[in-house]
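There are 2 protein chains.
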Amino acid sequence: MTSPAFGHVVIVGVGLLGASLGLALKARGAAARITGVGRRQASLDTALRTGAIDAGLLDCADAVRDADLVIIATPAAQVVATLDRVRAAAPPHAVVTDVASTKAEICAHAAATWPAPRRFVGSHPMAGSHKFGPEHGDPALYAGAACLVEADPALDPQALDLVHALWNTVGGRVVDIAPETHDAMVARSSHLPHVVAAAVASVAAEAGDIAPFVGPGFRDSTRVAAGRPEVWRDICLTNRAALLDALDAADARLAAFRNALAHGDAAAVEAFFEAGRRARHETVGE
Amino acid sequence: MTSPAFGHVVIVGVGLLGASLGLALKARGAAARITGVGRRQASLDTALRTGAIDAGLLDCADAVRDADLVIIATPAAQVVATLDRVRAAAPPHAVVTDVASTKAEICAHAAATWPAPRRFVGSHPMAGSHKFGPEHGDPALYAGAACLVEADPALDPQALDLVHALWNTVGGRVVDIAPETHDAMVARSSHLPHVVAAAVASVAAEAGDIAPFVGPGFRDSTRVAAGRPEVWRDICLTNRAALLDALDAADARLAAFRNALAHGDAAAVEAFFEAGRRARHETVGE
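So the protein sequences, as listed, match chains A and B.
Residue numbering for the first sequence follows the numbering used here, beginning at 80 and increasing consecutively.
Residue numbering for the second sequence follows the numbering used here, beginning at 80 and increasing consecutively.
Right under this line is the structure:
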């Protein structure tokens with residue numbers, strides 16, 4: 080690998096996450112150069128203009144041919160196909176990671192297809208926004224974010240170290256996690272809240288002109304419903320089993336609450352809210 | 080009525096909402112004096128110390144004897160009983176309002192018991208916080224907030240004007256609304272989001288140590304779950320029918336999503352998120 084730390088970095092997908100990563104690496108002088116790969120020239124032009132990348136290419140195989148580190152930052156549903164293209168074209172020493180919100184399918188595919196010891200290491204930085212596109216790239220996007228990194232004895236230790244270094248460099252906190260455990264946890268911490276927010280927003284709007292009745296609580300509760308439908312479609316479809324399980328758990332809690340409310344059971348209604356409050360406090364510490 | 084505008088104002092309940100109202104009126108010199116009524120001397124002392132009230136009394140009847148305007152800012156479940164005490168003790172010219180999050184039960188009780196034309200006018204300012212207590216009183220709490228005010232031909236027009244003036248004075252935007260319509264709307268814009276946030280927080284916490292997997296989306300989505308359980312118990316119990324209806328609407332949407340996900344129906348999954356996004360945009364304009 081050439082100096083600086085990460086050599087020639089290729090970022091496949093120059094949306095919010097990819098462009099922010101480019102800006103964060105550039106701000107720290109951590110990459111010798113950064114090549115962006117996009118499907119649309121306009122996105123590459125924006126990423127070039129903001130300085131997130133040094134060069135932009137439409138062809139993934141061309142871009143990764145002399146890569147030292149490849150970060151796949153495409154939508155979740157395209158990661159597996161992109162992995163195959165990168166594996167076929169990148170040099171053997173290249174380390175590859177991704178940023179997708181689900182890990183089990185992607186890491187299982189990599190484990191089945193990559194040479195051992197594996198130099199693809201799955202990542203999921205818990206950073207983002209309902210904004211999207213390279214024009215919203217932010218070099219501080221990963222500051223303080225939990226960066227969940229695949230744990231597997233079959234990984235190349237050097238590759239694992241480099242991926243850890245990547246997230247530490249941009250300000251994240253690395254958490255090692257088995258892919259299946261990852262997916263079960265984020266189904267509950269992230270995917271379920273997105274589904275529920277979309278349902279709550281739709282239920283409010285179907286009542287007619289609800290705008291005058293909306294306060295800061297509704298805004299906060301439904302903020303994630305402003306995310307891109309196609310992104311959340313792909314995340315849910317690549318995490319079906321765990322999300323179905325989380326939906327069933329939510330359904331059981333809501334059904335119990337409904338029953339308590341229908342019977343005017345004040346103690347059970349209060350206990351439901353007390354459990355939610357305690358759970359949130361334990362989870363986010365506020 | 081004496082000058083300034085609202086004369087002797089009595090605020091029954093000096094929690095966040097009551098103390099903030101006192102501070103807002105004092106900041107504008109809009110009350111000749113403000114008496115607070117509380118159940119605990121410590122709360123009254125705090126409200127006195129912060130300047131939210133000029134005097135504090137534990138006895139409601141004593142306090143309202145020479146009131147010009149009474150604002151009932153107790154928890155929702157205590158409003159009806161407080162109304163009876165205020166009606167029996169306040170002078171005939173006094174105008175009375177409240178700030179409770181549900182209106183149908185309270186306004187129906189007032190309509191059945193108050194002399195005509197009625198000088199109790201139900202209010203619900205859409206302001207608040209998960210913080211509580213007079214120590215968090217904020218003179219700007221009502222700035223820009225929708226203040227939902229009962230619409231009913233049986234109201235005394237002077238009393239209605241005074242309550243409109245109250246909310247306009249502290250920076251709110253008055254919206255006239257029939258109590259039943261009010262309750263149906265806030266069941267969807269406020270009460271349902273609180274219930275769902277509590278369920279989501281509990282589902283996350285039951286998975287074990289979820290803290291590393293929590294991002295800003297979870298924090299926003301579940302913020303309202305940090306509210307006081309006894310407050311939300313009372314709000315839900317005083318708005319049962321409308322909240323049960325909102326819960327059923329949410330259950331139907333979530334069940335349809337679950338079915339689409341279980342069958343891998345990508346178009347239906349995307350349409351669900353698209354509907355949520357459009358609904359939120361129409362509702363909050365962002």
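Don't be surprised by glycine CBs; every beta carbon is placed ideally from N, CA and C.
Can you have a look at residue i and say buried or exposed, based on whether 16 or more other CB atoms are within 10 angstroms of its CB?
| i | result |
| --- | --- |
| glycine 223 of chain B | exposed |
| alanine 179 of chain A | buried |
| aspartate 138 of chain A | exposed |
| proline 204 of chain B | buried |
| histidine 172 of chain A | exposed |
| asparagine 318 of chain A | buried |
| proline 272 of chain B | buried |
| threonine 81 of chain B | Residue placement at threonine 81 of chain B cannot be trusted, given a pLDDT of 43 that sits under 50; what the coordinates show is reported in the next sentence. Exposed: under 16 other Cβ atoms inside 10 Å. |
| glycine 364 of chain A | exposed |
| aspartate 388 of chain A | Examination of residue 388 of chain A is not possible in this model, given that chain A is present from 80 through 365 alone. |
| lysine 210 of chain B | exposed |
| aspartate 262 of chain A | buried |
| alanine 160 of chain B | exposed |
| aspartate 177 of chain A | buried |
| glycine 343 of chain B | exposed |
| alanine 110 of chain A | buried |
| aspartate 299 of chain A | buried |
| arginine 118 of chain A | exposed |
Residues of chain A with CB closer than 8 Å to the CB of residue i, please, in chain order.
| i | result |
| --- | --- |
| cysteine 315 of chain B | Leu340, Val348 |
| glycine 343 of chain B | Leu316, Arg319 |
Report back the beta-carbon spacing between residue i and residue j to the nearest angstrom; my notes put them in contact at under 8 Å.
| i | j | result |
| --- | --- | --- |
| leucine 148 of chain A | glycine 92 of chain A | At roughly 15 Å, the Cβ-Cβ gap does not stay under 8 Å, so leucine 148 of chain A and glycine 92 of chain A are not in contact. |
| alanine 304 of chain B | alanine 277 of chain B | 5 Å |
| valine 265 of chain A | phenylalanine 292 of chain B | 5 Å |
| alanine 233 of chain B | proline 196 of chain B | 6 Å |
| valine 44 of chain B | arginine 198 of chain B | In this structure chain B extends from 80 to 365, so residue 44 of chain B is not present and cannot be described. |
| glycine 101 of chain A | alanine 131 of chain A | 4 Å |
| alanine 358 of chain B | alanine 284 of chain A | 4 Å |
| alanine 244 of chain A | alanine 84 of chain A | 7 Å |
State yes or no: is the beta carbon of residue i nearer than 9 Å to at least one beta carbon in chain B?
| i | result |
| --- | --- |
| threonine 181 of chain A | no |
| histidine 261 of chain A | yes |
| tryptophan 193 of chain A | no |
| valine 88 of chain A | no |
| alanine 152 of chain A | no |
| alanine 278 of chain A | yes |
| aspartate 299 of chain A | yes |
| leucine 100 of chain A | no |
| leucine 227 of chain A | yes |
| proline 272 of chain A | yes |
| valine 256 of chain A | The sequence shown places isoleucine at residue 256 of chain A, rather than the valine named in the question. So, interface residue. |
| glutamate 214 of chain A | no |
| glutamate 365 of chain A | yes |
| arginine 302 of chain A | yes |
| alanine 155 of chain A | no |
Could you confirm whether any beta carbon from chain A is found closer than 9 Å to the beta carbon of residue i?
| i | result |
| --- | --- |
| leucine 57 of chain B | As shown, chain B starts at 80 and ends at 365. That puts residue 57 of chain B outside it, with no answer to give. |
| tryptophan 246 of chain B | no |
| leucine 322 of chain B | yes |
| alanine 305 of chain B | yes |
| threonine 81 of chain B | Residue placement at threonine 81 of chain B is flagged as unreliable, the pLDDT there being 43, under the threshold of 50; a coordinate-derived value is accordingly withheld. |
| arginine 312 of chain B | yes |
How would you list, in chain order, the residues of chain B whose beta-carbon sits under 7 Å from the beta-carbon of residue i?
| i | result |
| --- | --- |
| isoleucine 289 of chain A | Met264, Arg267, Ser268, Thr362 |
Starting from the beta carbon of residue i, find every residue of chain B whose beta carbon is closer than 9 Å, and list them in chain order.
| i | result |
| --- | --- |
| serine 281 of chain A | Ala328, Ala329, Arg332, Phe351, Ala354, Gly355, Arg357, Ala358, Arg359 |
| phenylalanine 336 of chain A | Val274, Ala277, Ala278, Cys315, Leu326 |
Can you name the residues of chain A whose CB is closer than 7 Å to the CB of residue i?
| i | result |
| --- | --- |
| proline 308 of chain B | Glu349, Phe352, Glu353, Arg356 |
Identify the contact partners of residue i in chain B, using a Cβ-Cβ distance below 8 Å as the criterion.
| i | result |
| --- | --- |
| glycine 294 of chain A | Met205, Ala206, Gly207, Ala224, Ala225, Ser268, Ser269 |
List the residues of chain A whose Cβ lies closer than 9 Å to the Cβ of residue i, in chain order.
| i | result |
| --- | --- |
| glutamate 184 of chain B | The premise fails here: glutamate 184 of chain B is roughly 13 Å from chain A at the closest Cβ pair, so nothing lies under 9 Å. |
| alanine 286 of chain B | Ala263, Met264, Ala266, Arg267, Ser268, Ala325, Ala328 |
(request) Go through the segment 145-215 of chain B residue by residue and report every complete run of the alpha helix (DSSP H) that reaches 4 residues or more, in order. (result) Qualifying alpha helix (DSSP H) stretches, in chain order: 158-168, 183-192.
(message) At 4 residues or longer, what runs of the alpha helix (DSSP H) sit wholly inside the segment 262-313 of chain A?
(response) Segments of the alpha helix (DSSP H) lying fully in the segment 262-313 of chain A: 271-284, 295-301.
(message) Runs of 4 residues minimum, wholly inside the segment 96-133 of chain B: which ones carry the alpha helix (DSSP H) assignment?
(response) For the segment 96-133 of chain B, whole alpha helix (DSSP H) runs of length 4 or above, ordered along the chain, are 120-129.
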